[in-house]
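Residue numbers (our numbering): 1 to 1124.
Structure below.
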């Protein structure tokens, strides 16, 4: 869920947390938290479900590490002494010259990880700091939390602080070449939940996580524990013919029933399938609030016209009144609106009451913002919201996630935010209520559940604290695990903010340990005290429809049978018996190669101790074939990977037990014994005893091929003599096929089909022994085609047909812009070439030029298109397009291009924003040129597409990133290596004054910025469009300001609020009007021009684009949708 985006060079608050090791083997599991070597912003910590396992009071300690002769260290990495916290051994690991970055890299490491037992795990909150020995306030400190284990035995910060700052003797981090590092570590013991039984310990069961569905599980548990809601769900009409995966009401009834009566955790797959979700949806983390609304809307809709119609409204619907009231004239406008939940601000509010105060805050409409009051014209007015009524169940959504306009990204707000056990919304004489509210209703609420989000903005983990019967006992519902919790854990510990831990051995200084708490309340559910008895009602079996009870009890019994079956499996052998009937049924339909699919034949579950002759009696009873007419053959896997009957069982083997026989026949030691039952019939079709088999007898199986019908079928088996010849059995074969006795036929031996088909013509005149024919071999035959015929058949003989069957592949094609919908299917062959495939697609789309088709392969794990399309003729065969790791997909995505793909691949497409000299709006251009082209060619192309201020205007191309200009491209630079995915390319006219720079004139960067405080440090945030400005020698700030105001056309009133500063390496130095600006921009040895700039400090009032979760071509943050 975590997006990987490049970080700005001077931004430190978006820190990288990674284990230091740079080798991670194998695919990573999909979990809700950072993975090894995954880049994650600091607030997207690895709390995950870890925080939830750590349930004891933490033990905390500080370790101080003083490193002398720091600048002379010549080692790549270095460990501190070992220190102990919480009974565990730890050490700090540093890379003094950076772990392949220009930053100090620092991690916390489990010191004894190499000697710990398999499966060890420990959890710690920790901070690492480099102490500023001159000004302690400038100490650089970063904190996080992590579950340490065998694969991730260290965790920390690859880019802890810039080496340039650390090694600068004036900065205070190195004094007398000594560096002081501090590690604050708090350890919580992790409970072993493998043996934990939620039902036994709490009386409740959890919900299984399907991949990233913990957000849904916490909501479902909350809704389930509102008994009135559960009762209504049980009373929704469903029938025994409904299928849970196709009916939301039935799936929810089934889920709630299992939560009520199961002894172990419950799966949610039926429910998500009833939503119309596929596996990919289950691995996408959605928003709890959005899911809550969508689910309730669906249920409300499905309850219409039933006995429970209106339940959702009765429980969750409240009303508020939006009003605008004029101050100087008698005019008031009101609008009544309903709500199912309320969104409360967290930022700037200390508790729920402060949020409600803010919700009903009166806004003055005056000055430029006057209200147009119909016949009264523009008027000063008051605008606000008051509540008409609150619902019995009040759902409060806390706005923990907000769009940060300064940073142009979503952020999670971890501020402390308190919520009471009892919430009185009648407080202060009913200040939240509108005049028409019914004052006889007492709006006193008690807290029922707290939904918690642990983690950062890009992902994390959800769980819920609920008190189902509103007693003092709280429970924590964390996916499959339910635990008893106290009120402090459910309330105070979910307020957020910072956690302060006591010290046990103070070190270098005595500041307390403080950690940001990344786990905090995200949604609150309150129940009105006066409605408590109605809502927390009894729900028992009589509330559940009889067909549902019968269905779910049957499911439960089947589950129990399966469990018993599994428990006794070691006492039994499964015997799979294939017969001629199975071969007739399967060959040419289910299978084409070999003889039978053993999973589709009759199987018997037989005790291992049973003698084989008693098993034969079982077969006689079941299949009606008396014991004397049965002969069993053992199957064998040949070296060429075919599977054929090998030999009949001997009399001695038949005297053994079934278990012994299985061990003899099956070297793989699985619990199965595979047999072929040979049954012979006389001319009158009566059963006859099997003929005596001597060494010279060979049992052969025969398949018949019809080229006109393209059909292969099984026609029977025969015993032949090894010294005999195929010529001798031709009449018999014609009889099996229903041909005339003298019909000429051709014979082929089916030898193997993996990895490729081998089917060879059989010489009719050579003996079977000479042709190396043995027991279990397969002979395919067909009519010999007439020598001269105009009749065309696709596959004239057995080998060509088997080759076709082996390679045929149905491919589902989808348009790339609609990646969820199949558009059409084509039957292709796995060995089709690239040209064959695009030709067939073009043919289907009635397109003349197949080279305009571009294909993109399918990712079997994400169920999405892969990021990169298939290059022209870059793969040999269709199978290469379909393979994804060890899986073969049957999906391809197509695009129809406006030019042939080979041409397009020789072109480079660049997305360029053109900024007109006098217009505000930028024009987005897609420039497509041959790859060897230069930036000059791009600029010439732009000139043909845009309106210039004058015909001879010169253009330049800039690279802009995070509102800073990083580069002016030389016109001779080749465009092939220019990246426009992360960096913005901007084209603009070069102003005349820049073309004629005087000897002492300077071209400087000018950026907009604001300041914000994070982790007790003031940070500069850039925004808006950066630009260049010429400054002249001796020019004062007042003169420069006048030119900037004119250039940007900012009104005087607003411009008067702007501040101007010289910024070097992110630190502002404010300028006065009389300061000479050019004196600041003297240094020429800076790394890049963006390190020094003139900053314009003011609030950002420009409209922002909506938050976009991704820049990847196909990955996107989807809204929650329930399709059914």
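For glycine and all other residues, C-beta sits at the position ideal for the given N, C-alpha and C.
When beta bridges are read from the DSSP output, residue 65 appears opposite 181. Counting C-beta pairs closer than 8 Å gives three or more between the segment 678-685 and the segment 622-641, which meets the contact rule. Contact check for residue 1062 and residue 1080: beta-carbon distance about 4 Å, within the 8 Å limit, so the pair qualifies. Per DSSP, reduced to three states, the secondary structure at residue 72 is helical. Counting only unbroken stretches of 3 or more residues, the beta strand (DSSP E) elements lying wholly within the segment 941-987 are 955-961, 964-968, in sequence order.
In this model, residue 938 and residue 855 are separated by some 28 Å (Cα to Cα). Residue 367 sits in a helix when the DSSP states are folded into three classes.
Inter-segment contact for the segment 736-748 and the segment 590-605 is absent: fewer than three beta-carbon pairs are separated by less than 8 Å.
Non-local C-beta neighbours of residue 223 in its own chain, meaning closer than 7 Å and more than five positions away in sequence, comprise 229, ordered along the chain. Listed in chain order, the non-local C-beta contacts of residue 387 below 6 Å within the same chain comprise 320, 432, 433, local neighbours out to five positions each way being set aside.
Put simply, the segment 927-946 does not touch the segment 995-1004. Fewer than three CB pairs are less than 8 Å apart.
DSSP links residue 333 through a beta bridge to 324. Straight through space, the alpha carbons of residue 578 and residue 773 are spaced by roughly 22 Å. With respect to the C-alpha of residue 528, the residue from 441, 558, 306, 1054 having the closest C-alpha is 441. Cβ-Cβ distances below 6 Å link residue 718 to 700 in the same chain, with the five nearest sequence neighbours on each side left out; the list follows chain order. Straight-line measurement puts the Cα of residue 291 at about 14 Å from the Cα of residue 274. Pairing residue 344 with residue 421 gives a Cβ-Cβ distance that is not under 7 Å.
With a beta-carbon spacing of about 4 Å, residue 143 and residue 127 fall inside the 8 Å limit used to define contacts. Proximity of the segment 119-136 to the segment 96-108 meets the contact definition, three or more beta-carbon pairs being nearer than 8 Å. Rounded to the nearest whole angstrom, the C-alpha separation of residue 183 and residue 353 is 38 Å.
The segment 316-336 and the segment 363-374 touch, with no fewer than 3 CB-CB distances between them shorter than 8 Å. Around the beta carbon of residue 567, a 10 Å sphere encloses fewer than 16 other beta carbons of the protein chains shown; the residue is thus reported as exposed.
Nearest to residue 551 by C-alpha distance, out of 145, 253, 928, 1053, is 253. Distance from the Cα of residue 262 is smallest, within the candidate group 560, 809, 168, 389, for 560. Between residue 720 and residue 781, the CB-CB gap reaches or exceeds 7 Å. C-alpha of residue 649 to C-alpha of residue 634: approximately 7 Å in a straight line. Sequence-distant Cβ neighbours of residue 907 in its own chain, meaning closer than 7 Å and more than five residues away, are 928, 929, 930, 931.
DSSP, reduced to helix, strand and coil, places residue 496 outside both helices and strands of the structure shown, so it counts as coil.
Of the candidates 180, 1055, 369, 1074, 1074 places its Cα closest to the Cα of residue 1034. Contact between residue 524 and residue 419 holds: their C-beta atoms lie close to 6 Å from each other, under 8 Å. DSSP places residue 694 outside both helix and strand once states are collapsed to three, so it counts as coil. In this chain, the alpha helix (DSSP H) harbouring residue 258 covers 248-261.
Here residue 88 is buried: its Cβ has 16 or more other Cβ atoms, across all protein chains shown, within 10 Å. Leaving aside the five residues that flank residue 608 on each side, the residues in its chain whose CB is nearer than 7 Å to its CB run, in chain order, 571, 572, 573, 657, 658, 659. By DSSP's assignment, residue 749 forms a beta bridge with 760, 779.
The DSSP-derived three-state label of residue 564 is helix.
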